[in-house]
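Heads up, the thing below is written out as structure tokens.
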Amino acid sequence: MSMKTNIEGIIRHVARVMIDELKLEDITPEAFDPDIDLVDEIGIDSMDLATVALVLRDHYAIRIDEDDYPKLTNVRLIAEYIDQKLSEKTVAAAN
Amino acid sequence: MSRISDNQTGAEKNSFRKEWKFSEIIAEPGVRERWEKVRKYFFLRESTYDMSNRCNIRCEGCYYYEGDKQFAAENKNPDDWRKLMQAEKARGITYIVLAGAEPSLVPDLCRICFEEFPLGSIATNGLKAIPRDINFKIHISVWGNDDTSARVRSAKNMLVRQVENYSGDPRAVFVYTFTRNNIDQVHDVAGILAEYDCKLTFNVFSAPLGYRGALRHTTQSLGGTRKAMIDLLRAYPENVLFSHYNAVAHTHRKGLHDLYACSYPRRNASTTIGLGRSFRQYRTDLNWDRNVACCVPDTDCDDCRHYAAGSAVVTARMFRHAGDPEAFKAWLDYVDTYLAVWVMGYQKGANLSDYMVAPPGNEIF
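Respectively, the protein sequence lines represent chains A and B. With the first sequence counted from 1, adding 869 to any position gets you the working numbering. With the second sequence counted from 1, adding 108 to any position gets you the working numbering.
As structure tokens, this is what we get:
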């Protein structure tokens, strides 16, 4: 699987979690703009983001630092964050 | 995560080392229901407003008469207040707290705020009844028995007058502020409030900046306060809105900022998301200053154990409580309490945790 494909898959999954957990209506994961600002344009707040982070933590078995929330302002950034954490985990496991 | 029951000593603490999935934690009966109940209120985004610069009493250690805000000129123009409320709504605020100096002195302005916001609360000394049509939660401050109130608040028969005004009022929550000197008095006060079927919650005196008086807590008085809180939680379960974790969080030797990293703008530089982005504290001239904006301005942050601060700061730290079932139950109890104290119509459930659970990353005491 290419890196791009992997990121695209994570993006769709993150979008699905957003839609399910925050009960966003009239949107599908495929139609979710990964670059839309979650705070400014969707109105997500810190408690929403924490809820999503808990579900993603479970699914990917990665640690998500509360201090990193301010960086996670759109779905693409969240997906890249997850991808990086997964890479770090792979490297750590190999060592 | 460590926890301790009421009857255990520190040496008997249990430890839980398993790494839990969140889905496992909320799978427990009762936990998922409480989680679903409280998360419906995650839309609440608060700001606070000083309604006047006047008060009908003067209390030792009052936060309002510290710092610059007491010198703000009152804006009494109803149109200006309505415009402010509409602008606040437009920028995403969903919950308002009307405080300082004494909102009951300006009921017409309070009514305008209520007309624009369905959800909010008013902090008052309770000596002047706020009209019933203003359907916000009403927090009535109690600082000890009537002898103590006469001494530190210069007000006679305070509890009698407060109960006369608010007994049987579903908006009312009496807020007993524990100081170093009034811990034992809470039992009599709680008994009277229970007799009149009033709701009661607890606050912990948090020194204003530069305060050198005798009300400031010591480690010993915090321990006594914690014991009194738990005793009353048991004695009056129908009246006392509190939990074991509330007691731990607000009587810990560390203040709330040390324990949870305060998320109000005054201590939080981030404007990306959360309170650092949305919270404002308006003075009575309708101006605000980000550098001093928090729920109780001019409090010494190192000593801050305010119930209002905890309601936001502890609640915001959901993620760090969600790695352990006991910690998450304790957090749910805290949030359930906070919502019952602050939101009209919200009914508190039975506490899920009968343990004293340590704040994540800290000891219990």
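Where a beta carbon is used, it is the ideal one built from N, C-alpha and C, also for glycine.
query: contact_flag[the stretch 311-328 of chain B, the stretch 296-303 of chain B] where n(CB pairs < 8 Å) is 3 or more; result: no
query: Bounding residues of the beta strand (DSSP E) (the contiguous stretch that carries Ser351 of chain B); result: Segment: none, Ser351 of chain B is in no beta strand (DSSP E) and carries neither H nor E.
query: CB contact below 9 Å: Arg926 of chain A versus chain B; result: yes
query: Beta bridge counterpart(s) of Lys245 of chain B as assigned by DSSP; result: B:Ser229
query: Under 7 Å from the C-beta of Gly469 of chain B: neighbouring residues of chain A; result: Neighbours of Gly469 of chain B on chain A: none; closest Cβ ~11 Å, over 7 Å.
query: Test: Ala919 of chain A CB closer than 9 Å to a CB of chain B; result: yes
query: Within-9 Å CB hit, Asp902 of chain A to chain B; result: no
query: Separation of Trp396 of chain B from Val214 of chain B, as counted between CA atoms; result: 20 Å
query: 4 or more residues per run - each alpha helix (DSSP H) lying fully within the stretch 359-440 of chain B; result: 364-368, 383-386, 415-424 and 426-429
query: Contiguous alpha helix (DSSP H) assignments of at least 4 residues, all confined to the stretch 139-167 of chain B; result: 139-147
query: Beta carbon proximity, Thr117 of chain B to chain A, threshold 9 Å; result: Low confidence applies here, because Thr117 of chain B scores a pLDDT of 40, under 50, leaving its location unreliable; read the following figure in that light. So, not an interface residue.
query: Boundaries of the alpha helix (DSSP H) in which Val908 of chain A is found, first to last residue; result: Here Val908 of chain A belongs to no alpha helix (DSSP H), and DSSP marks it neither H nor E.
query: Gly321 of chain B: CB within 8 Å of a non-hydrogen atom of the ligand ADP; result: Absent from the structure shown: the ligand ADP. Ligands present: none.
query: is_contact[Ser386 of chain B, chain A] using C-beta, thresh 9 Å; result: yes
query: Residues of the stretch 935-950 of chain A whose Cβ lies closer than 7 Å to any Cβ of chain B, in chain order; result: Glu935, Tyr938, Pro939 and Thr942
query: Chain-ordered chain A contacts of Ala430 of chain B [CB-CB under 7 Å]; result: Leu923
query: Chain-ordered residues of the stretch 407-439 of chain B with a beta carbon less than 8 Å from chain A; result: Thr423, Ala424, Arg425, Met426, Phe427, Arg428 and Ala430
query: Residue environment, Ala322 of chain B, which counts as buried when at least 16 other CB atoms sit within 10 Å; result: exposed
query: Counted within 10 angstroms of its Cβ, other Cβ atoms place Glu957 of chain A as buried (16 or more) or exposed; result: exposed
query: Contact with chain A by Val205 of chain B, beta-carbon distance below 9 Å; result: no
query: Close-in-space but distant-in-sequence residues of the same chain around Gly382 of chain B (CB under 6 Å, 5 per side omitted); result: Ser371
query: Residue nearest to Ser249 of chain B in terms of C-alpha spacing, selected from B:Phe286, B:Pro468 and B:Ser131; result: B:Phe286
query: Where Phe124 of chain B falls: helix, strand or coil (DSSP); result: With a pLDDT of 49 at Phe124 of chain B, under the threshold of 50, the predicted position of this residue should be treated as unreliable, and no value is reported.
query: Where Leu941 of chain A falls: helix, strand or coil (DSSP); result: coil
query: Within chain A, the residues that Ser131 of chain B reaches when beta carbons sit closer than 7 Å; result: Asp927
query: Short Cβ contact (9 Å threshold) for Phe222 of chain B with Tyr203 of chain B; result: no
query: Residues near Gln398 of chain B by beta carbon distance below 6 Å, same chain, minus five either side; result: It is Arg, not Gln, that sits at residue 398 of chain B in the sequence shown. Answer for Arg398 of chain B: Pro373, listed in chain order.
query: Of the listed residues B:Asn289, B:Gln270 and B:Phe310, nearest to Glu168 of chain B (C-alpha basis); result: B:Asn289
query: Spatial neighbours of Asp410 of chain B in its chain, beta-carbon cut-off 8 Å, leaving aside the 5 residues before and after; result: Gly363, His365 and Asp366
query: Runs of alpha helix (DSSP H) wholly within the stretch 310-347 of chain B (minimum 4 residues, chain order); result: 327-343
query: Contacting residues, own chain, Cβ-Cβ under 6 Å from Tyr157 of chain B (five flanking each side not counted); result: Leu206 and Tyr390
query: Validate contact between the stretch 125-135 of chain B and the stretch 443-455 of chain B using beta carbons, cut 8 Å, 3 pairs; result: no
query: Rounded Cβ spacing between Arg159 of chain B and Pro211 of chain B (contact assumed at less than 8 Å); result: According to the sequence as given, residue 159 of chain B is Met; it is not Arg. At roughly 4 Å, the Cβ-Cβ gap stays under 8 Å, so Met159 of chain B and Pro211 of chain B are in contact.
query: Element boundaries [alpha helix (DSSP H), containing Ala198 of chain B]; result: Pro186 to Ala198
query: Leu460 of chain B vs Asp188 of chain B beta-carbon contact at 9 Å; result: no
query: Close Cβ partners of Leu447 of chain B (< 6 Å) along its chain, the five nearest in sequence each way excluded; result: Tyr149 and Tyr454
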